[in-house]
Amino acid sequence: MSRDPRYDILFEPVQIGPVTAPNRFYQVPHCTGMGWQRPRTLAAMRGVKAEGGWGVVCTEYNSIHPTSDDLPHPYASLWDDSDVRAHSLMTDAVHEHGSLAGAELWYGGARTPNMMTRLPAMDVDSFPNLAGHPFQTRAMDKSDIKTFRHWHKRAAIRARDAGFDIVYVYATHGYLISNFLNPRVNTRSDEYGGRLENRIRLTRELIEETKDAVGDRCAVAVRFAADEEVGEDGNPIFGERREMFALLCDLPDLWDINIADYSLEMGVSRFVKESPLEPYMNWVKSVTDKPVVTVGRFTSPDTMVSQVKRGITDFIGAARPSIADPFLPKKIEEGRLSAIRECIGCNICYSGDSLAVPIRCTQNPTMGEEWRRGWHPEVIAKKTSDARVLIVGSGPAGLEAARALGARGYDVMLAEATREIGGRVTREAALPGMSEYIRVRDYREQQLIEMPNVEIFRESLLSARDVLDVDAAHVAIATGAKWRKELFNEERYLPIAEGDALARVFTPDDIMDGRLPDGPTIVFDGDGYYMGGVIAERVRAEGHEVTYVTPSDSVSHWAGNTSERWRIRTHMLANGIKIETAHALKGFDGIQAVLVCAYSGAERRVPVRNIVMVTARKPNDGLFQDLRAQADSEGLPFTLTRIGDCEAPAIIAAAVYAGHRFAQELECEVDMDLPLRHDRTDVGLDARADHIEMKPAAQ
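Numbering of the sequence shown is given in numbering that gives the first Met the number 0, commencing with residue 0 and proceeding in unit increments.
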């Protein structure tokens, strides 16, 4: 297949100051959960994106000095020559495929507590830490500003020496430079505060000094917000941003534009759809002749072309779509649109930064595993035998196992007990706002349709005897899990009702099956992710009074890691759902529920007709246990493995990963004691290197 001519514009080279991007696909700076701690893991991941056709591949935020320390959130750094060497791993990997590498220079100010370095952060004034830590910044005097400019310039030089082609001045997202621009934050009375021309002074100086530092070797980009403050979605509050932009518009070589509301810019698909930034962006290109990049969780090449042709942007900026499919540009170029793994907007990638672990992706199980496991999103080792594989269950684990094994060349039989494949993703995608989750199923189903060596058997509920009768060398059980009615008290599962009242206790599976409560309902969320809020909304849509109860201090507490907790709570309130936090559920008699305050232990009886328990899930492992019993007594003619929720219920990304891991490791030797490489500093090697470096030159 060849590229559709409609998309030719996406593959035009674009000049960025002294450098040229080979196309319009631009992976903007995004966090990875790797940072300076895992340079090999990071370099391999970014290199795969360049291989996949992204014309520009940028780092995450690079601290320019130890007074900007964001741990436990992993960040990159450009503090010294060691960082230069570490970053060279990435730039070499990116340049190998003809792409440009970009480095985002960053100083956090009031957003960084510096808990590792223990140095005071600096900002426009002495502010409380904006991440909620009990620290304040030091107010910058003019000497501090001069020092900061020196640090920024030195970091720019290190970026140049590390091989970067684009160096960023990072003037948004509530970090130090953006605070100087903000008229509500910057109340200084010197030449760096007050009127607009003074507040942009530092940004202007940094752009000019960065250009001077990198010379004609690198382009200089500025990351800048198009609006001034957070407002209603799609209705920007521009303030003086246009005037500010006009005063700076000709200075950098490229503008990377985002917006004030990060929960919209980085919004989950439940609340935010493709291309949400356009209402904020429509004036930018009319003010500057410099190339512009912006994001929008772009997954449709038609939307991409429209954005460029209508003058909204010059580059198709992406973080999440480049994570879900590092080869998205190549697939468009080669006319393989059906092979694109579209981002589902779940933000599980973002949780890596929140939790200080390497990035993962629901759609792309190889993300973050390029170096330590040697996984590639498009290339997988060929089969080592002609063995046939039976996979029982077509949820996310079973589908991915079948797809990856099919790509390896194995003959695969995929048995599904129902008419529809997809398991939990098919069911969850029918819930309010969750429609894009169906992409997990649709991508894999499309790939399987094109594989003659994979057969799908629908409406095939298999018993242990049925499995034994199948001529397979390997069997994987991927039969998923079901939501429990019981309450987990951190030690064991306890029933919350008995007798007739038990009939009025529901689970998310009941709701997804169409069995809905009637009358006032409590949705008890002991899970803490998205399901509690989604189920509350679904029940509320039937017109019933709904109260969301959780033992946590906050709504959907784990969803804070995916940057959606605030929107979940706001959405529930807008839908008339009552919220009760910090309360446990003690019991239910069909007429009232007993709630217990998490702090005082005080009990309260609440009149209610129904309870929906969103707590934990029980693996559907009966078939696996039957087969294992057969193995214990008589042995099995095949290897037996359980994967996904059937083994250990978790998030969808974990199920997809489990299916992929099974496929990667089938008939391969895996060291059970050391199943993956560990990207860390080898103290022994470092000690020898230091010793060598300290030898006199004469030796």
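Glycine is no exception: its CB is placed at the ideal position from the N, C-alpha and C atoms.
Treat the numbers as computed from the prediction; the structure is a model and nothing was measured.
- The three-state reading of DSSP puts HIS86 in helix, counting H, G and I together.
- Between ALA49 and SER98, the C-beta gap is smaller than 7 Å, which places the two residues in contact.
- In this structure, the beta-carbon distance from LEU622 to THR478 falls below 7 Å.
- Residue state for MET139 is assigned as coil, using DSSP reduced to three classes.
- Between the alpha carbons of PRO4 and ARG157 lies a distance of about 41 Å.
- Sequence-distant Cβ neighbours of VAL593 in its own chain, meaning closer than 7 Å and more than five residues away, are LYS585, GLY586, GLU602, ARG604.
- Less than 7 Å divides the Cβ of ALA652 from the Cβ of THR361.
- Counting along the chain, VAL474 sits inside the beta strand (DSSP E) bounded by residues 473-476.
- For ARG110, same chain residues with a beta-carbon under 7 Å away, outside a window of 5 residues either side, are LEU129, ALA130, GLY173, TYR174 in chain order.
- MET114 has its alpha-carbon roughly 20 Å from the corresponding atom of MET139.
- For GLN624, the enclosing alpha helix (DSSP H) has its first and last residue at 621-632.
- Within the same chain, and ignoring the five residues on either side of VAL304 in sequence, the residues whose Cβ sits closer than 8 Å to its Cβ are ARG5, TYR6, ILE8, LEU9.
- As computed with DSSP, ARG604 is found in a beta bridge with VAL593.
- By the criterion of a C-beta distance shorter than 6 Å, TYR442 is surrounded in its chain by ARG340, once the five residues flanking it on both sides are discounted.
- For LEU104, the enclosing beta strand (DSSP E) starts and ends at 99-105.
- When the beta-carbon positions are compared, VAL595 and ALA581 stay at least 7 Å from each other.
- Distances from the CA of ASN185 to each of GLU377, GLU399, SER562, ASP124 were compared; the closest alpha carbon is that of ASP124.
- As the crow flies, the alpha-carbon of SER434 is around 42 Å from that of PHE126.
- The beta carbon of GLN629 sits closer than 8 Å to those of ALA463, LEU467, LEU635, all from its chain and outside the five residues before and after it, given in chain order.
- Every alpha helix (DSSP H) stretch that sits fully inside the stretch 283-331 and reaches 4 residues is listed by chain position as 300-308, 319-323.
- Between ALA401 and LEU413, the gap from beta carbon to beta carbon is short of 7 Å.
- Per DSSP, ASP508 lies in no beta strand (DSSP E) segment; the continuous alpha helix (DSSP H) that holds it begins and ends at 507-511.
- Secondary structure note for ASN452: it is in no alpha helix (DSSP H), with a DSSP letter that is neither H nor E.
- Contact between the stretch 307-319 and the stretch 501-520 is absent, with fewer than three C-beta pairs closer than 8 Å.
- Closest option to ALA218, judged by alpha-carbon separation, among SER268, ASN61, GLU103: GLU103.
- Inter-segment contact for the stretch 46-65 and the stretch 317-331 is present: three or more beta-carbon pairs are separated by less than 8 Å.
- A distance below 6 Å between beta-carbons, with the five flanking residues on each side excluded, links SER177 to the following residues of its chain, in chain order: ALA170, THR171.
- When DSSP reads this structure, GLU264 sits in no beta bridge, so it has no partner.
- Put simply, the backbone Cα of PRO21 is about 9 Å away from that of GLN14.
- Taking 7 Å as the cut-off, the beta carbon of ASN560 is found closer than this to the beta carbon of SER353.
- For LYS484, no beta strand (DSSP E) encloses it, and the DSSP letter there is neither H nor E.
- Note on geometry: alpha-carbon atoms of GLY432 and LYS152 lie some 46 Å from one another.
- Assignment of TRP254 by DSSP, reduced to helix, strand and coil, places it in the strand class.
- A contact between stretches requires three or more CB pairs, one per stretch, nearer than 8 Å, and the stretch 280-296 fails this requirement with the stretch 447-460.
- Only residues of its own chain outside the window of five on either side were considered, and among them LYS481, TRP482 have a CB closer than 7 Å to the CB of ASP508, listed in chain order.
- Here the alpha carbons of ARG503 and PRO320 stand approximately 42 Å from one another.
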